[in-house]
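There are 2 protein chains.
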Amino acid sequence: MQGPQACVFCRVVAGELPSYKVYEDDWVLAMLDIRPVGRGHTLVVPKQHFEDVLDIEEDLMLHIYRVAKKVAEAQKRALNPAGIGIAQNNGAAAGQIIFHFHAHVIPKESVNQNRYEPSPEELTEVAELIRKNLVT
Amino acid sequence: MQGPQACVFCRVVAGELPSYKVYEDDWVLAMLDIRPVGRGHTLVVPKQHFEDVLDIEEDLMLHIYRVAKKVAEAQKRALNPAGIGIAQNNGAAAGQIIFHFHAHVIPKESVNQNRYEPSPEELTEVAELIRKNLVT
């Protein structure tokens, strides 16, 4: 487990680390996963540090899912994937890697996709595509 | 794709098929998955038929996630799993099997769990455990 000081997402929110932003408001940041399971794989992250679903305030979690739906709609318009997975992992046993609550919104062409490493140019392009198609 | 008439979840909501209920209100039904990935694996299902995240009304989806959080908290109290996965699949390519929107709330002990088939007695027992620990 990580405290807020060492937390990668807290550092992204603070502007100490770069990210491929898709959406931002006062409460959340949506950005590309840099090792996506599918092209356009987006993470919706609260700006305040909460570890997981047991820890986070209800209203903030609901806002994250409100934004996740907007991201899914934008992915559909921008990329037209065959499917979209929305997932939120709590605890290492459930696949959580960064212990700062986040929802994954993952464009899928098949159920058996693996993570890959797109170039910075590809990430920049897909972030812009989703951003331009996101209607709030 | 299935229309509401043939939809398994619509038939459960209508009382035409049985289920292991964990929670119910005017808008949603939470019940055990009968082929769970983890003990206590629960599905939160809207009573009205919507196919997926692109189709469902925002307020109803948010209520489903409000209930999913309560179910996760109840699973933690009742079963104390190492982790909890919350997942919502849209389209066969994303693993959706029943084309009526639903959120999975899955107690996990490891990331590599497979579906299994508990006895009716086990399902009855775990549904009651979660129900008794659910605080709304």
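Chains Z and C are the protein sequences, given in the same order.
Position 123 (the first sequence) corresponds to 766 in our numbering; numbering is contiguous.
Position 63 (the second sequence) corresponds to 706 in our numbering; numbering is contiguous.
For glycine and all other residues, C-beta sits at the position ideal for the given N, C-alpha and C.
If you're wondering where the values come from, they're calculated on a predicted model, not measured in any experiment.
Practice task
Report the neighbours of Tyr-613/C on chain Z: residues whose CB is nearer than 8 Å to its CB, in chain order.
Solution key: The shown model of chain C, from 644 to 779, leaves out residue 613/C, and the question about it has no answer.
Practice task
Would you kindly check if the distance between the Cβ of Asn-732/Z and the Cβ of Gly-738/Z is under 7 Å?
Solution key: Against the first sequence, residue 738/Z aligns to sequence position 95. Against the first sequence, residue 732/Z aligns to sequence position 89. Their beta carbons are under 7 Å apart, which means Gly-738/Z touches Asn-732/Z by this criterion.
Practice task
Take Val-655/Z and list the residues in its own chain whose beta-carbon comes closer than 6 Å to its own, dropping the five residues that flank it on each side.
Solution key: In the first sequence, residue 655/Z corresponds to position 12, counting from 1. Closer than 6 Å at the Cβ level, and outside the excluded window around Val-655/Z, lie Ser-662.
Exercise for the section: Verify whether the separation of the beta carbon atoms of Leu-628/Z and Pro-763/Z is less than 7 Å. Expected result: With chain Z covering 644 to 779 only, the question about residue 628/Z has no answer from this structure.
Exercise for the section: With a threshold of 16 other CB atoms inside 10 Å of the CB of Tyr-708/Z, please say whether the residue is buried or exposed. Expected result: Numbered from 1 along the first sequence, position 65 holds the residue referred to as residue 708/Z. By the neighbour-count rule (16 or more Cβ atoms within 10 Å), Tyr-708/Z is buried.
Exercise for the section: Using a cut-off of 8 Å between C-beta atoms, extract the partners of Gly-683/C located in chain Z. Expected result: Position 40 of the second sequence, counted from the first residue, corresponds to residue 683/C. Within 8 Å Cβ-Cβ: nothing; Gly-683/C doesn't reach chain Z, min ~13 Å.
Practice task
For Ala-711/Z, collect the residues of the same chain with a Cβ closer than 7 Å to its Cβ; drop the 5 residues on either side in sequence, then sort them by chain order.
Solution key: Against the first sequence, residue 711/Z aligns to sequence position 68. Correct list, in chain order: Val-687, Ile-729, Ala-746, Val-748.
Practice task
Please decide whether Lys-713/C counts as near chain Z, where near means a Cβ-Cβ distance under 7 Å.
Solution key: Residue numbering aside, residue 713/C sits at position 70 when the second sequence is read from its first letter. With 7 Å as the cut-off, Lys-713/C does not count as an interface residue toward chain Z.
Practice task
Please say whether Ala-736/Z and Ile-773/Z have beta carbons closer to each other than 7 Å?
Solution key: Position 130 of the first sequence, counted from the first residue, corresponds to residue 773/Z. Position 93 of the first sequence, counted from the first residue, corresponds to residue 736/Z. Taking 7 Å as the Cβ cut-off, Ile-773/Z and Ala-736/Z do not qualify as a contacting pair.
Handout entry: Under 8 Å from the C-beta of Ile-741/Z: neighbouring residues of chain C
Key = Residue mapping note: residue 741/Z aligns to position 98 of the first sequence, counting from 1. Those do not exist, as Ile-741/Z stays about 14 Å from chain C at its closest Cβ, beyond 8 Å.
Practice task
Report the option in Met-704/Z, Asn-776/Z, Thr-779/Z, Met-674/Z whose CA atom is closest to the CA atom of Leu-660/Z.
Solution key: On the first sequence, residue 660/Z is found 17 positions in, with the first residue counted as 1. Closest option to Leu-660/Z, Cα to Cα, is Met-674/Z.
Practice task
Please compile the residues from chain Z whose C-beta is within a distance smaller than 9 Å of the C-beta of Phe-697/C.
Solution key: Looking up residue 697/C in the second sequence gives position 54. Sequence check: residue 697/C is Leu here, not Phe. Under the 9 Å cutoff, chain Z gives Lys-712, Ala-715, Glu-716, Lys-719, Ile-727.
Exercise for the section: Per DSSP, which residues does Ala-770/Z bridge with? Please list them. Expected result: The count along the first sequence starts at 1 and reaches residue 770/Z at position 127. None; Ala-770/Z has no bridge partner.
Handout entry: Beta-carbon proximity check, Val-671/Z vs Thr-685/Z, cutoff 7 Å
Key = Counting from one through the first sequence, the residue named residue 671/Z turns up at place 28. Counting from one through the first sequence, the residue named residue 685/Z turns up at place 42. Not closer than 7 Å, so no.
Exercise for the section: Please confirm whether Ile-740/C and Val-651/C have their CB atoms less than 7 Å apart. Expected result: In the second sequence, counting from the first residue as 1, residue 740/C sits at position 97. In the second sequence, counting from the first residue as 1, residue 651/C sits at position 8. Contact flag unset, no.
Practice task
Take Thr-767/C and list the residues in its own chain whose beta-carbon comes closer than 7 Å to its own, dropping the five residues that flank it on each side.
Solution key: Position 124 of the second sequence holds residue 767/C. Excluding sequence neighbours, Thr-767/C sits near Tyr-663.
Exercise for the section: Round the Cβ separation of Lys-719/Z and Leu-697/C to the nearest angstrom and send it over; I've been treating them as touching at under 8 Å. Expected result: Within the first sequence, the letter at position 76 stands for residue 719/Z. Within the second sequence, the letter at position 54 stands for residue 697/C. Contact flag correct, Cβ pair sits at about 6 Å.
Practice task
Would you tell me roughly how many angstroms separate the C-alpha atoms of His-706/Z and Glu-700/Z, rounded to the nearest one?
Solution key: Indexing the first sequence from 1 puts residue 706/Z at position 63. Indexing the first sequence from 1 puts residue 700/Z at position 57. Rounded to whole angstroms, His-706/Z to Glu-700/Z spans 10 Å at the Cα level.
Problem - Near-chain C residues of the stretch 747 to 763 of chain Z - C-beta to any C-beta below 7 Å - result: Lys-751, Glu-752, Ser-753, Val-754
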